[in-house]
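Data block below; observations after.
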Amino acid sequence: MFSRDRWDEILEALNANKFRTFLTAFGVAWGIFILVVLLALTNGLKNGVTADFGDFATNSMFMWTQGTSKPYKGLPKGRYFNYKIDDVEAIKSTVPNIKYVSPRNQLGGYNGANNVVRGTKTGAFEIYGDYPEYIKQQPMDILQGRFISYSDIESKRKICVIGTGVERGLYDKGEEILGTYIKINGVNFLVVGTFKMSNSQGDGEQDASTIYIPFTTFGQAFNRGDSVGWMAITAEDGTSITSLKQQVFDVMKSRHKIHPDDDRAIGHFDLSEQFERVNGLFSILTIVGYFVGALVLMSGIIGISNIMLIVVKERTKEIGVRRALGASPWMIKSQILQESLILTILSGMVGISFGALLIWFLNYLLDMSGGPVENFANPSVGMQVVFVALIILVVSGVLAGLIPANSATKMKPVDALRIE
Amino acid sequence: MIQIKDLHKSYHMGSNSLHVLKGINFDVKQGELVSIMGSSGSGKSTLLNILGMLDEADEGQYILDNVPIKNLNEKIAAKYRNQFLGFIFQSFNLINYKSALDNVSMPLYYKGVKRKERTEKAMHYLEKVGLADWSHHLPSELSGGQKQRVAIARALASDPKVLLADEPTGALDTKTSYEVMELIQGINDDGKTILVVTHEPDIAQMTKRIVNLKDGLIIDDSPVQQVRASLHV
Chain H
1 MFSRDRWDEI LEALNANKFR TFLTAFGVAW GIFILVVLLA LTNGLKNGVT ADFGDFATNS
61 MFMWTQGTSK PYKGLPKGRY FNYKIDDVEA IKSTVPNIKY VSPRNQLGGY NGANNVVRGT
121 KTGAFEIYGD YPEYIKQQPM DILQGRFISY SDIESKRKIC VIGTGVERGL YDKGEEILGT
181 YIKINGVNFL VVGTFKMSNS QGDGEQDAST IYIPFTTFGQ AFNRGDSVGW MAITAEDGTS
241 ITSLKQQVFD VMKSRHKIHP DDDRAIGHFD LSEQFERVNG LFSILTIVGY FVGALVLMSG
301 IIGISNIMLI VVKERTKEIG VRRALGASPW MIKSQILQES LILTILSGMV GISFGALLIW
361 FLNYLLDMSG GPVENFANPS VGMQVVFVAL IILVVSGVLA GLIPANSATK MKPVDALRIE
Chain S
421 MIQIKDLHKS YHMGSNSLHV LKGINFDVKQ GELVSIMGSS GSGKSTLLNI LGMLDEADEG
481 QYILDNVPIK NLNEKIAAKY RNQFLGFIFQ SFNLINYKSA LDNVSMPLYY KGVKRKERTE
541 KAMHYLEKVG LADWSHHLPS ELSGGQKQRV AIARALASDP KVLLADEPTG ALDTKTSYEV
601 MELIQGINDD GKTILVVTHE PDIAQMTKRI VNLKDGLIID DSPVQQVRAS LHV
């Protein structure tokens with residue numbers, strides 16, 4: 001179909017009126033450019049916003065206790081209670097498809113007083129009692145040493161893992177950190193590791209000023225016993241935590257003598273739900289991007305169709321001559337179709353290239369600007385978008401050529417030849 | 421070569437109908453050089469268009485090289501035109517963005533001839549009309565006479581059975597007209613059947629037979645003593 005002669009014919013025809021060809025091509029290039037850039041910007045916005053979720057396993061929820069709001073089994077309303085360490089095992093054993101349950105306790109925190117001392121240096125840091133699983137829910141890079149282990153939990157070792165902010169506050173530059181002791185609320189802890197959050201957006205300072213110690217040690221050292229402050233619960237991949245959380249609540253309610261309808265006793269934050277909501281929003285934005293881009297592209301396509309109609313009109317006589325010389329209607333039609341197709345695809349390629357160039361430039365600017373830009377990161381489109389755009393181009397190129405191609409052969413050759 | 425029997429053609433414009441050809445009968449033998457004359461409106465162009473399968477008759481029989489031409493769809497008509505006929509137009513009808521060579525090779529392209537062979541053949545016919553040196557010129561760079569010679573080369577390119585020339589000298593001055601007629605006579609001398617539509621008596625005198633049309637009927641059909649165009653050049 002695409003012999004060299006055909007190519008020559010098509011290029012000759014397109015070359016015959018360069019300026020017009022350029023203007024027509026511009027319409028399509030512009031359309032596909034807008035499509036690609038819109039999708040890239042949507043993607044950038046999505047990347048920026050989802051980065052706010054950090055690396056925390058998104059199929060998770062946090063669960064804490066609040067006062068009961070209903071009397072139950074002789075107990076009054078407004079009663080406060082604590083989760084116990086046994087609850088963790090109870091959840092794991094009764095609710096299926098739960099991947100991790102990390103009980104947590106916290107000391108210090110926002111605007112807290114100085115609570116950690118090393119020699120003459122002091123600082124106010126957040127201290128968390130955690131289980132080893134926690135690092136799987138909240139990925140972090142261990143810079144030196146190790147994270148908490150199960151033998152730490154069992155032996156209630158007084159060890160800690162400190163963030164880079166703690167390191168800066170309590171140590172001189174270049175000082176050996178592992179094996180030293182820091183005093184948390186008057187209790188000495190051996191530093192066994194340092195960490196940095198793998199990916200933190202905005203909360204970097206807070207994350208860095210964090211100290212992790214074994215959960216059991218925390219209970220003993222700071223008089224929490226087997227109480228649990230709150231839990232971070234992650235479901236297995238493929239099962240939404242949102243679908244499991246009611247079961248978890250029911251287990252907790254029965255274990256803590258809470259009225260089954262008392263929904264205020266257990267507080268929770270469903271990260272998965274929030275994440276889904278944001279994801280849903282961006283799915284819609286992507287659809288809008290495609291829609292708007294396709295509409296802009298469509299005006300370009302109509303432009304091509306229009307110009308091909310004019311070309312056909314202008315070349316009515318030429319088409320008549322060609323038919324007198326023995327061109328069959330299909331030969332004429334397919335040439336018009338191919339002209340339109342090639343014009344569309346070529347100009348589409350140019351549009352995609354310019355889109356890619358702009359995206360590259362945006363990324364370059366983002367890199368240059370140094371720190372992260374609020375809610376915007378790494379605008380990009382995948383190959384599948386380019387692929388889809390190409391399919392749109394091919395289909396629309398054919399569509400754009402159909403009407404002109406038909407009108408080219410509608411006239412009888414004798415009438416076409418008579419036109420001056 | 422050509423046999424026509426009782427050919428009728430009317431044009432309908434709204435409620436008016438115009439009977440252009442009212443029963444044409446004539447035969448053309450292999451190697452004839454026939455001119456069809458008549459005033460405008462006599463039906464000579466319509467006849468030529470029907471002969472050229474650019475238009476279809478309402479009634480009657482048309483046999484070209486023993487092939488009955490009727491009920492053609494466009495695809496077959498295109499094939500027959502390519503195979504049997506070469507057209508020469510009054511206004512040359514060269515494609516203005518193609519070189520002389522490409523114009524001449526176009527019928528061969530539609531015939532499906534390979535590129536190399538096509539170029540060779542086209543060059544051969546350009547030589548024949550004396551324009552080999554102009555093969556890469558665009559039509560806009562050629563004079564009227566040269567354009568018509570390119571058009572003749574194009575008509576010859578697919579080696580058709582019959583050449584149909586519609587006022588081939590209508591847009592040319594007398595001298596150039598005679599040059600073109602000399603070329604046509606030369607081609608006829610080689611045995612090609614040629615039909616020329618004209619309203620110029622001196623051009624008609626250069627053919628071998630004059631068919632006179634008036635109001636859609638042949639009023640006269642007689643052989644003439646051919647005047648060689650070379651005598652006038």
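Chain order of the listed sequences is H and S. Each residue of the first sequence is one higher than the one before, counting from 1 in this note's numbering. Each residue of the second sequence is one higher than the one before, counting from 421 in this note's numbering. Glycine included, each C-beta is placed from N, C-alpha and C at the ideal position.
Around the Cβ of TRP30/H, are there at least 16 other Cβ atoms within 10 angstroms (buried) or fewer (exposed)? Locating residue 30/H in the first sequence gives position 30, counting from the first residue. With 16 or more Cβ atoms within 10 Å of its Cβ, TRP30/H is classed as buried.
Per DSSP, GLN568/S is paired with what? Here residue 568/S corresponds to residue number 148 of the second sequence, with the count starting at 1. The partner list for GLN568/S (beta bridge, DSSP) is empty, contrary to what the question assumes.
Given a threshold of 16 other Cβ atoms within 10 Å of its Cβ, counted over all protein chains shown, does GLY202/H qualify as buried or as exposed? Here the question's residue 202/H lines up with position 202 in the first sequence. Confidence in GLY202/H is poor, its pLDDT being 48 and thus under 50, which makes the residue's placement unreliable; the coordinate value appears in the next sentence. Per the 10 Å Cβ criterion, exposed.
Interfacial residues, the segment 543-573 of chain S to chain H, with Cβ spacing under 8 Å: none
What alpha helix (DSSP H) runs, 4 residues minimum, are completely inside the segment 318-375 of chain H? 329-368
From the DSSP output, in three-state form, read off GLY506/S for me. Taking the second sequence and counting its residues from 1, the one referred to as residue 506/S is at position 86. Residue state, collapsed to three classes: strand.
Would you kindly work out how many angstroms separate the C-alpha atoms of PRO329/H and VAL647/S, rounded to a whole number? Here the question's residue 329/H lines up with position 329 in the first sequence. Here the question's residue 647/S lines up with position 227 in the second sequence. Going by the C-alpha atoms only, they are around 41 Å apart.
Which residue wins for smallest C-alpha separation from ALA124/H, given the options ALA208/H, ASN105/H, PRO132/H and TYR134/H? Numbered from its first residue, the first sequence carries residue 124/H at position 124. Checking every option, the nearest Cα to that of ALA124/H belongs to ALA208/H.
In whole angstroms, what is the alpha-carbon distance linking VAL600/S and LEU417/H? As a position in the second sequence, residue 600/S is number 180, starting the count at 1. As a position in the first sequence, residue 417/H is number 417, starting the count at 1. Cα to Cα, the separation comes out at about 22 Å.
Residues of the segment 333-361 of chain H whose Cβ lies closer than 9 Å to any Cβ of chain S, in chain order: none
According to DSSP, is TYR482/S part of a helix, a strand, or is it coil? Position 62 of the second sequence, counted from the start, is the residue given in the question as residue 482/S. Here TYR482/S sits in strand by DSSP.
Measure from the alpha carbon of ASN486/S to the alpha carbon of each residue in SER555/S, ILE424/S and ALA571/S, then state which is nearest. Taking the first residue of the second sequence as position 1, residue 486/S is located at position 66. Of the candidates SER555/S, ILE424/S and ALA571/S, the one whose C-alpha sits nearest the C-alpha of ASN486/S is ILE424/S.
Beta-bridge pairing of MET433/S - partner residues as DSSP gives them: Residue mapping note: residue 433/S aligns to position 13 of the second sequence, counting from 1. Per DSSP, ASN436/S.
Helix, strand or coil at ALA585/S according to DSSP, with G and I counted as helix: Translated into the one-based positions of the second sequence, residue 585/S becomes position 165. Residue state, collapsed to three classes: strand.
If we define contact as Cβ-Cβ less than 7 Å, is PRO404/H a contact residue for chain S? Locating residue 404/H in the first sequence gives position 404, where the first residue counts as 1. Not closer than 7 Å to any Cβ of chain S, the Cβ of PRO404/H fails to qualify, so no.
Under a CB-based cut-off of 7 Å, is SER479/S close to chain H? Numbered from its first residue, the second sequence carries residue 479/S at position 59. It is Glu, not Ser, that sits at residue 479/S in the sequence shown. No - not a single Cβ of chain H is within 7 Å of the one on GLU479/S.
Work out the CA separation of HIS439/S and GLN450/S for me, nearest whole Å. Against the second sequence, residue 450/S aligns to sequence position 30. Against the second sequence, residue 439/S aligns to sequence position 19. Each residue's Cα considered, the two are about 30 Å apart.
Can you tell me whether MET433/S is buried or exposed? The criterion is at least 16 other CB atoms within 10 Å of its CB, across all chains shown. Sequence index remark: in the second sequence, residue 433/S carries index 13 (1-based). When all chains shown are included, MET433/S counts as exposed.
Between the CA atoms of THR120/H and ASP172/H - distance to the nearest angstrom: As a position in the first sequence, residue 172/H is number 172, starting the count at 1. As a position in the first sequence, residue 120/H is number 120, starting the count at 1. Cα to Cα, the separation comes out at about 12 Å.
For GLY202/H, name the three-state secondary structure that DSSP assigns. Here residue 202/H corresponds to residue number 202 of the first sequence, with the count starting at 1. Caution applies to GLY202/H, whose pLDDT of 48 falls short of 50 and renders its modelled position unreliable; the model cannot decide the point.
Alpha-carbon spacing of VAL228/H relative to PHE249/H, whole angstroms: Residue 228/H sits at position 228 when you count from the first residue of the first sequence. Residue 249/H sits at position 249 when you count from the first residue of the first sequence. Looking at the two C-alpha atoms, the distance is approximately 15 Å.
Do the segment 181-198 of chain H and the segment 135-147 of chain H make contact, defined as three or more Cβ pairs closer than 8 Å? yes
Taking C-beta pairs closer than 9 Å, name the residues in chain H that LYS495/S reaches, listed in chain order. Counting from 1 along the second sequence, the entry for residue 495/S is found at position 75. What LYS495/S touches in chain H: SER328, PRO329 and TRP330.
How would you write the range of the beta strand (DSSP E) that TRP64/H sits in, first residue to last? Walking along the first sequence from the start, residue 64/H turns up at place 64. Start and end: 60-65.
My guess is that ILE503/H and ILE233/H are in contact by the Cβ rule of under 8 Å, so how many angstroms apart are they, rounded? Look at the range of chain H in this structure, 1 to 420, and you will see that residue 503/H is not part of it.
Residue span of the beta strand (DSSP E) that contains ARG104/H, given as start and end: Indexing the first sequence from 1 puts residue 104/H at position 104. It spans 98-107 - the beta strand (DSSP E) in which ARG104/H sits, taken as one unbroken run.
Return helix, strand or coil for GLY461/S, following the three-state DSSP convention. Counting from one through the second sequence, the residue named residue 461/S turns up at place 41. GLY461/S falls in the coil class under three-state DSSP.
List the residues of chain H whose Cβ lies closer than 9 Å to the Cβ of ASN513/S, in chain order. Here residue 513/S refers to the residue found at position 93 of the second sequence. By Cβ distance, chain H contributes LYS317, GLU318, GLY320, VAL321, ALA324 and LEU417.
Would you please state the rounded distance, in angstroms, between the beta carbons of SER519/S and SER563/S? I believe it to be under 8 Å. Taking the first residue of the second sequence as 1, we reach residue 519/S at position 99. Taking the first residue of the second sequence as 1, we reach residue 563/S at position 143. Wrong, their Cβ atoms sit about 16 Å apart, outside the cutoff.
Residue range of the alpha helix (DSSP H) that includes ALA232/H: The count along the first sequence starts at 1 and reaches residue 232/H at position 232. Premise fails: ALA232/H lies in the beta strand (DSSP E), 230-235, not in any alpha helix (DSSP H).
Distance cutoff 7 Å, beta carbons only. Does GLU314/H sit that close to anything in chain S? Counting from 1 along the first sequence, the entry for residue 314/H is found at position 314. Not closer than 7 Å to any Cβ of chain S, the Cβ of GLU314/H fails to qualify, so no.
Is the CB of GLU276/H under 7 Å away from at least one CB in chain S? Along the first sequence, one-based indexing puts residue 276/H at 276. By this cut-off, GLU276/H is not an interface position.
Any chance the segment 282-293 of chain H sits against the segment 37-45 of chain H, with 3 or more Cβ pairs inside 8 Å? yes
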